[in-house]
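Undergrad: Starting off with a structure, shown below.
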Amino acid sequence: MLGYYLMAARGLPGGAAVFFGQEGGWLGWLFWAASSMILAAPFVWLHRWRGYGFVGALVLVALPPLGFVGWCNPLTVAGLLFPGAGIYGLILTMGCMFLLAHRLADRGWLSCQIQLLFAVLVFSSAVNLAYIGSQERAGEVDTSWLGIDTVFSALRSGVEVGGADIEGQVDALARLEWVQRFMETIPAGATAILPETVLGRFSPIAESFLSSSEQGLRARGAGIFIGAEMPQKDGRYVNAMIGIGYAEEPILLAQSVPVPVSMWKPFTGTGAAPDLLGDHGVRQVGDRRIGVLICYEQMLPWVMLLRGVAAPDLVLSVKNVWWARGTSIPAIQEQSVSLFARLFGWKVISATNT
């Protein structure tokens, strides 16, 4: 499994070199190697118990604490095999993997494997056909929800209008003005989705700057969700999507698991505050339950499970991946969201900054 995880996270070193600069590129190599070895370790420790050990290792790397770095879990394939089956699809997938691993060392294992794979193929095909039929009857996502992609290079965390970083302030003010102009173009009755971090820190200055445009949104019955960082009293911030135009106070959809080390810094009192149980990852907006998947957590089965249990009607999949251009990371995120959306039957609206 070490080779599997090394290949799955192969985009980390290149992405870290862009994000931290060449002098910090070694962090990417270290994180890539260390996380891959940590995720592979349970499969080594438990291999003697064959099927039980393999399934146990899958669960260990999906749930906290290993689940906080448990990207690219093989259980993601449940969305391909058993779409629409939700938690039961995960259980069926674990059952299939248990049988495959448990019979691997038996005499005549090849014949058993072929028979099992054939049975899974037949059953999975039936489930997929039923899922396709249900999707056709359900129809498409409401076209009044608009996912907007942006191209803001070097879009970093921790920058706010009125802050000490002069260069960052200039960029933040330019984005704020762009957001204000964009809000004025949102059609009546529509909701626009902008990517992670576009607004930067949601300071009182930013809030007052957008207040006039917010009034225009309400008058048109429109709204917007924007990636922003909400400052907390303890000095940390919440990486979130904020909904403007729906109520007097912004609606907050929080990231459950920020990126460890670079954003989430346990025991330091700084950085992004996690929402490990997903209490603020799903909110009622009008007649819909809206969930969010923000960047890093799109690769984590733990967060996908939290959203699946909450049963949102619509999921906002947003990310800021300017630093990962040319790597495998954005494609892995999209595939992971797509498969879990199939598993739980979500409608998804995406917005990406590259």
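First residue of the sequence shown? That's -17 in this note's numbering, and the numbers climb one at a time after it. Yeah, the Cβ is synthetic: ideal placement off N, Cα and C, and Gly gets one too.
Grab the span of the beta strand (DSSP E) containing Gly129 for me, first residue to last.
TA: From DSSP, the beta strand (DSSP E) with Gly129 extends over Trp127 to Gly129.
Undergrad: Please state the DSSP three-state secondary structure of Asn55.
TA: In the structure shown, Asn55 sits in coil (DSSP, three-state: anything other than H, G, I, E or B).
Undergrad: Using DSSP with H/G/I as helix, E/B as strand and the rest coil, what is Ala313?
TA: Helix.
Undergrad: Using the beta-carbon count (16 or more within 10 Å), is Met165 buried or exposed?
TA: So Met165 ends up on the buried side.
Undergrad: Which value, in whole angstroms, describes the spacing of the CA atoms of Ser238 and Val285?
TA: Spanning the two alpha carbons is a distance of roughly 7 Å.
Undergrad: Which residue or residues does DSSP assign as beta-bridge partners of Met223?
TA: According to DSSP, which records beta bridges pairwise, Met223 is partnered with Gly209 and Leu235.
Undergrad: With a threshold of 8 Å on Cβ separation, who are the neighbours of Gly308 within its own chain once the five nearest residues in sequence on each side are excluded?
TA: Hits under 8 Å: Gly(-4).
Undergrad: How long is the line joining the alpha carbons of Pro312 and Val0, rounded to whole angstroms?
TA: Computed Cα separation, rounded: 15 Å.
Undergrad: Give me the residue from Ala156, Leu21 and Ala60 with the minimum Cα distance to Pro47.
TA: Closest by alpha carbon: Leu21.
Undergrad: Look at the alpha carbon of Pro283 and the alpha carbon of Gly203, and state the distance between them as a whole number of angstroms.
TA: Those two C-alpha atoms are separated by around 35 Å.
Undergrad: When you compare only the Cα positions, how much space is there between Gly205 and Leu234?
TA: In a straight line, the C-alpha of Gly205 is about 13 Å away from that of Leu234.
Undergrad: Would the region 165 to 179 count as touching the region 294 to 302 if we require 3 or more Cβ pairs under 8 Å?
TA: Judged by Cβ distances under 8 Å, the region 165 to 179 makes contact with the region 294 to 302, as three or more pairs qualify.
Undergrad: Quick check on Pro240: buried or exposed, where buried means 16 or more other Cβ atoms within 10 Å of its Cβ?
TA: Its Cβ being crowded by 16 or more others within 10 Å, Pro240 is buried.
Undergrad: Hey, which unbroken runs of the alpha helix (DSSP H) at 4 residues or more fall wholly within the region 1 to 76?
TA: The qualifying runs are 7 to 27, 32 to 44 and 60 to 63.
Undergrad: How far does the alpha helix (DSSP H) with Gln197 in it extend, from its first residue to its last?
TA: Gln197 -> alpha helix (DSSP H) spans Pro186 to Arg202.
Undergrad: In angstroms, rounded to a whole number, what distance separates the CA positions of Asn55 and Arg163?
TA: Between Asn55 and Arg163, the C-alpha separation is close to 41 Å.
Undergrad: Using the beta-carbon count (16 or more within 10 Å), is Met19 buried or exposed?
TA: Flag for Met19 reads exposed.
Undergrad: Is it buried or exposed for Ala154, if we count other Cβ within 10 angstroms and need 16 for buried?
TA: The residue is buried, with at least 16 neighbouring Cβ atoms inside 10 Å.
Undergrad: Alpha carbon to alpha carbon, what distance is there between Met79 and Pro24?
TA: Rounded to whole angstroms, Pro24 to Met79 spans 16 Å at the Cα level.
Undergrad: Is it right to say Ile272 is buried, meaning 16 or more other beta carbons lie within 10 angstroms of its own, or is it exposed?
TA: Burial call: buried.
Undergrad: Tell me, please, which residues DSSP counts as bridged to Gly290.
TA: Gly290 pairs with nothing; no bridge assigned.
Undergrad: Report yes or no: do three or more beta-carbon pairs, one from the region 104 to 111 and one from the region 56 to 72, lie closer than 8 Å?
TA: The answer is yes - the region 56 to 72 touches the region 104 to 111, with three or more Cβ pairs under 8 Å.
Undergrad: Cα separation between Met281 and Gln315?
TA: Spanning the two alpha carbons is a distance of roughly 6 Å.
Undergrad: To the nearest angstrom, how far is the alpha carbon of Ser194 from that of Thr58?
TA: Rounded to whole angstroms, Ser194 to Thr58 spans 44 Å at the Cα level.
Undergrad: Buried or exposed: where does Leu287 fall if 16 or more other Cβ atoms within 10 Å of its Cβ makes it buried?
TA: The residue in question, Leu287, is buried, as its Cβ has 16 or more Cβ neighbours within 10 Å.
Undergrad: Where does Ser299 fall in DSSP's three states?
TA: In the structure shown, Ser299 sits in a strand (DSSP, three-state: E or B).
Undergrad: Rounded to whole angstroms, how far is the Cβ of Leu42 from the Cβ of Met76, which I believe are closer than 8 Å?
TA: That belief does not hold up - the Cβ atoms of Leu42 and Met76 are roughly 12 Å apart, past 8 Å.
Undergrad: Please name the residue or residues paired with Pro242 in a DSSP beta bridge.
TA: Beta-bridge pairing links Pro242 to Trp246.
Undergrad: Cα separation between Tyr219 and Trp8?
TA: Computed Cα separation, rounded: 27 Å.
Undergrad: Could you compute how far the alpha carbon of Gly71 sits from the alpha carbon of Leu63?
TA: Approximately 8 Å, taken between the alpha carbons.
Undergrad: Quick check: Ile187 and Ile208, are their CB atoms within less than 8 Å of each other?
TA: No, the pair does not count as a contact, with Cβ atoms beyond the cut-off.
Undergrad: Could you give the distance in angstroms between the alpha-carbon of Trp305 and the alpha-carbon of Gly33?
TA: The straight-line gap from Cα to Cα measures roughly 39 Å.
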